[in-house]
């Protein structure tokens, strides 16, 4: 083995393992099934919080089609720039991006039928405050979908267990309306605003 290869062998292996760990393919989530489960349909006005560079945003924009819109939020501008470039390359003109805050998504619309949080809710440092602030962006009857890795079914303990997510949602005034247990290593939950105290 050449000295150059030997010098970079272990850092390269570490980098490849990190990329594999972060790769969407490793998240083992069937995006079409997930969109079916949470009710993403053509023509909808949907918000996504923690959209990053578009792992879920781009398929969702294709699903809602030209009559729908996806408002993609992140607290960092950099991944949203990547998302904007990717949407342009894929010919998608129905994605709007917005930089939010850790306590408020700052969506520019107040008529969202559905807000989706995919692989991001466990990163929120003020989840209850954020959920309370989200209410003003949902139209009456609007829903919140949280999809995240499940530490009780093989995911890292870095992710939040279902009971913690349910507790935050309850404190913020949401009730669970649907929960899907047949997604490998994932929690897929849909919430609506609680109508009674």
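In my numbering, the protein residues as written are 37 to 233. For every residue, glycine included, the Cβ atom is placed at its ideal position computed from N, Cα and C. Just so it is clear, the structure is predicted and the values come from calculations on it, not from any experiment.
Cutting at 6 angstroms between CB atoms, please list the residues of its own chain near residue 157, excluding the five before and the five after it. Working through the chain shown from its first residue, we reach residue 157 at position 121. The beta carbon of residue 157 is closer than 6 angstroms to those of 182, 184 in its chain, skipping five residues each way along the sequence.
In chain order, what residues of the same chain have a beta carbon less than 6 angstroms from the beta carbon of residue 140, not counting five sequence neighbours either side? In the chain shown, the residue the question calls residue 140 occupies position 104. Result list for residue 140: 169, in chain order.
According to DSSP, what are the bridge partners of residue 148? In the chain shown, counting from the first residue as 1, residue 148 sits at position 112. Paired residue(s): 174.
Going by the beta-carbon positions, is the gap between residue 212 and residue 223 smaller than 8 angstroms? If you number the chain shown from 1, residue 212 lands on position 176. If you number the chain shown from 1, residue 223 lands on position 187. No, the pair does not count as a contact, with Cβ atoms beyond the cut-off.
What number of angstroms, rounded off, separates the C-alpha of residue 87 from the C-alpha of residue 144? Indexing the chain shown from 1 puts residue 87 at position 51. Indexing the chain shown from 1 puts residue 144 at position 108. The straight-line gap from Cα to Cα measures roughly 15 angstroms.
So is residue 109 buried or exposed if we call it buried at 16+ other beta carbons inside 10 Å? Residue 109 sits at position 73 when you count from the first residue of the chain shown. Residue environment analysis places residue 109 among the buried positions, since at least 16 neighbouring C-beta atoms fall within 10 angstroms of its C-beta.
Nearest residue (CA-CA) to residue 179, options 227, 99, 164: Position 143 of the chain shown holds residue 179. Selected option, being the one with the closest Cα: 227.
DSSP three-state label for residue 109, please. Taking the chain shown and counting its residues from 1, the one referred to as residue 109 is at position 73. Strand at residue 109.
Taking only three categories from DSSP, how would you classify residue 204? Here residue 204 corresponds to residue number 168 of the chain shown, with the count starting at 1. The three-state reading of DSSP puts residue 204 in helix, counting H, G and I together.
Identify which residue in 111, 208, 69, 159 has its Cα closest to the Cα of residue 194. In the chain shown, residue 194 corresponds to position 158, counting from 1. The residue with the shortest Cα to Cα distance from residue 194 is 159.
Collapsed DSSP secondary structure at residue 158 in the structure displayed: Position 122 of the chain shown, counting from 1, holds the residue named residue 158. Here DSSP, grouped into helix, strand and coil, assigns residue 158 to helix.
So is residue 70 buried or exposed if we call it buried at 16+ other beta carbons inside 10 Å? Looking up residue 70 in the chain shown gives position 34. Answer is buried; the Cβ neighbour count reaches 16.
Quick one: residues in its chain with C-beta nearer than 8 angstroms to the C-beta of residue 78, no 5 flanking neighbours on either side, listed in chain order? Numbered from its first residue, the chain shown carries residue 78 at position 42. These residues qualify, in order along the chain: 99, 100, 101, 103, 104.
Please go through the segment 66-143 and give each complete alpha helix (DSSP H) segment of 4 or more residues, from N-terminal end onward. Fully enclosed alpha helix (DSSP H) runs of 4 or longer: 67-74, 93-100, 113-125.
When you compare the CB positions of residue 142 and residue 134, do they come within less than 8 angstroms of one another, or not? Taking the first residue of the chain shown as position 1, residue 142 is located at position 106. Taking the first residue of the chain shown as position 1, residue 134 is located at position 98. Cβ distance < 8 angstroms, so residue 142 and residue 134 count as in contact.
Between 112, 90, 151, 106, which lies nearest to residue 122 when the distance is taken from Cα to Cα? Here residue 122 corresponds to residue number 86 of the chain shown, with the count starting at 1. Among 112, 90, 151, 106, the Cα nearest to that of residue 122 is on 90.
Rounded to whole angstroms, what's the CA-CA distance from residue 66 to residue 232? Just pull it up for me. What you label residue 66 is simply residue 30 of the chain shown in a count that begins at 1. What you label residue 232 is simply residue 196 of the chain shown in a count that begins at 1. Between the alpha carbons of residue 66 and residue 232 lies a distance of about 34 angstroms.
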